[in-house]
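Residue numbers (the numbering used here), protein chains in the order written: chain E, 49 to 569; chain H, 2 to 158.
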């Protein structure tokens, strides 16, 4: 009972923090902006987050995380709008919603689909938040016994899992992680103070700024790539009206169980490092199709086919915060940026966060609930406006993105050199894009790199240089065994790979040839 | 489709080159130390070797399988986007926020050249106001809209 009463106190504290005027304001701003960028093809939550990162320098840490998180889960709401109306996923995790959402729109049921996915998103997110509330304190209690060896093993597992499951060619993904770790080492060595790989540029002594890495690789590279590619969408306005939004009784009946199953899948995969919304939504869809009495309805506008994945990806968005906030280990790139935003404010994410900064932890958690409530309220009446936004041509948008990049980066240190670093990284990012080298694992490696080195050195110092320490301690031994199992699989898959698609990408091509590849990151 | 997976071949080779140079640089410039007391060079040197090995792993099988064509780089977009950021970096201190925003806008629209001179001007004015409102007014970041240099130059006209 002690656990439950403590939880109630914490939730009250969190609600108190989340309901403060400034946090409410940034939460509202975040979810509104998130929905906006989610709807827009060509600008995803990653670009938006990297654009907002410099602004967070000027905010309090709780406000910053509340806002960034709002953009993140808000974009999943918006992403399904683009999926349903345009057959073009606004964010990767809403790709599977195209399969049945777009056929529903073609049948004139777009409003029902938009309404029901909003409900599904809210339900999934609520379950995700509940899971996070109940399990985070338990994980923290467990994690307090972690030593440097466990942290290193945990990070290694997270990085290897993230790079091999979530992207295309697995070996290449791990390579990108290593490049990211190396990029993270640029600057003064934490222990000896020796500058490494700075080549005499004083601006690099503090390392390559996270803002510059994120904005260069995602913002600028994305703009260069999308300038000639992204076309505005055309939407049939007739099928979107408030009156047409009312779902039938049959819709409700069919939606109930997919909602619950989707939320279950989402909560589970979201909390695992390296998986998350994309995999959860595909799994939820595949399972619904498999257990359905009439699988032939899928792909032709079955409501189960949009409810399960939307519930799953929103639940996953919330539970993804569990490893980030309790262990300090980001499960995906967005979480890596969150971690970066926290570190910028001098807050070390990890098991101590909950005890040292209870207002931040529980305040952010409760703000998720408020944010999702806001999304539920603003999404339904605003659907008509989002539809009009879809028609903004990209050539009006990208100069604005570049302006935000330039001013944002400059304002952090008042340093023109930082703007030039962004330009160089943007060029590198564009080259990587042409070679299909994914920037997402690179950023994960970049954020975790210095932490990994620190823990590795510390573990070696304690164990007097005995590498076997990683395998002898029980928790770290299990984690390392898992890591090596994945590496073994990667090597095997690497040599048997015939087509360049693996994992999620293979599911995509197998199940939805009609969907054009999303330009959004 | 090409007969070989050139995307992965080039990526792999780049990884080998980067890994080797990182390792050699670390070995030549930073103390390695011992495994117990690691110097600043140990971790990067080891990672460089690891990256080179991964690069081989990426490139080798790619020789024996078909792959997609490498997309043609859009040099025009690449050039004008780069130029707009460079101009911003060069002018933000010298001329001030508004001229720098105008330069970013007017240069970057050339990347796809769909907005005419009128459209670009409208966008430049709109973004100047938005940028100034968001960063100077709302966030309170000290950015001068126009610098002293600009005023002196106006005086000379």
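Beta carbons are placed, not taken as given, at the ideal position from N, Cα and C, and that holds for glycine.
- In this structure, residue 113 of chain E sits away from residue 471 of chain E, with a CB-CB distance that is not shorter than 9 Å.
- Among the residues of chain E, those whose CB is under 7 Å from the CB of residue 112 of chain H are 275, following chain order.
- Bridge pairing for residue 243 of chain E: E:236 [DSSP].
- Collapsing the DSSP output to three states places residue 34 of chain H in a strand.
- The CB of residue 485 of chain E comes closer than 7 Å to the CB of 12 in chain H, given here in chain order.
- With 16 or more other Cβ atoms inside 10 Å of its own Cβ, residue 9 of chain H counts as buried.
- Nothing from the stretch 190-215 of chain E brings a Cβ to less than 7 Å from some Cβ of chain H.
- With its beta carbon less than 9 Å from one in chain E, residue 136 of chain H belongs to the interface.
- The beta-carbon distance between residue 161 of chain E and residue 132 of chain E, rounded to whole angstroms, is 5 Å. This is short enough to meet the 8 Å contact definition.
- One thing to note: residue 95 of chain E has its Cβ within 9 Å of the Cβ of residue 85 of chain E.
- Considered as a whole, the stretch 431-483 of chain E harbours 442-461, 464-482 as its complete alpha helix (DSSP H) runs of no fewer than 4 residues, in chain order.
- Residues are counted here when their Cβ sits less than 9 Å from a Cβ of chain H; for the stretch 474-506 of chain E these are 474, 475, 478, 479, 480, 481, 482, 483, 484, 485, 497, 500, 501, 504, 505, given in chain order.
- Between residue 310 of chain E and residue 270 of chain E, the gap from beta carbon to beta carbon reaches 9 Å or more.
- Between the stretch 140-149 of chain E and the stretch 344-351 of chain E there are three or more inter-stretch CB-CB distances shorter than 8 Å, so the stretches are counted as touching.
- When rounded, the separation of the alpha-carbon atoms in residue 101 of chain H and residue 93 of chain H is 5 Å.
- A direct Cα-Cα distance of roughly 52 Å separates residue 476 of chain E from residue 53 of chain E.
- Rounded to whole angstroms, the separation of the alpha carbons of residue 44 of chain H and residue 240 of chain E is 13 Å.
- An exposed status is given to residue 149 of chain H, since fewer than 16 other beta-carbon atoms sit within 10 Å of its beta-carbon.
- Distance from the CA of residue 198 of chain E to the CA of residue 304 of chain E, rounded to the nearest whole angstrom, comes to 41 Å.
- Separation of residue 163 of chain E and residue 428 of chain E (C-alpha to C-alpha, rounded to the nearest whole angstrom) is 7 Å.
- Residue H:112 holds the alpha-carbon nearest to the alpha-carbon of residue 274 of chain E among H:118, H:112, H:116, H:142.
- Taking C-beta atoms as the reference points, residue 134 of chain E and residue 440 of chain E fail to come closer than 9 Å.
- Against chain E, the beta carbon of residue 33 of chain H has no neighbour under 9 Å; the closest one sits roughly 12 Å away.
- By the C-beta criterion, the stretch 218-228 of chain E is judged to be in contact with the stretch 51-59 of chain H, since at least 3 inter-stretch pairs fall below 8 Å.
- The criterion of a C-beta distance shorter than 9 Å is satisfied by residue 398 of chain E and residue 376 of chain E.
- Taking a Cβ-Cβ cut-off of 7 Å, the neighbours of residue 543 of chain E in chain H comprise 62, given in sequence order.
- The stretch 106-158 of chain E is shown to contain whole alpha helix (DSSP H) runs of 4 or more residues at 109-134, 145-154, in chain order.
- Note on geometry: alpha-carbon atoms of residue 55 of chain E and residue 410 of chain E lie some 10 Å from one another.
- Excluding residues up to 5 positions away in sequence, 132, 158, 160, 161, 349, 351, 354 lie with their Cβ nearer than 8 Å to the Cβ of residue 152 of chain E in the same chain.
- If you draw a straight line from the Cα of residue 314 of chain E to the Cα of residue 380 of chain E, it comes to about 14 Å.
- The shortest C-alpha to C-alpha distance from residue 66 of chain E to any of E:530, E:93, E:108, E:101 is the one to E:108.
- Under the 10 Å beta carbon count, residue 320 of chain E is surrounded by 16 or more other beta carbons and is classified as buried.
- For residue 148 of chain H, there are no C-beta contacts with chain E under 8 Å, since the nearest C-beta of that chain is about 13 Å from it.
- Under the Cβ distance rule, residue 145 of chain H does not count among the residues neighbouring chain E, no pair being separated by less than 9 Å.
- Excluding its 5 nearest sequence neighbours in each direction, residue 368 of chain E has C-beta neighbours in its own chain below 8 Å: 318, 319, 324, 325, 379, 380, 382, 383, listed in chain order.
- Sequence-ordered contacts of the stretch 137-159 of chain E with chain H are nonexistent [C-beta pairs closer than 7 Å].
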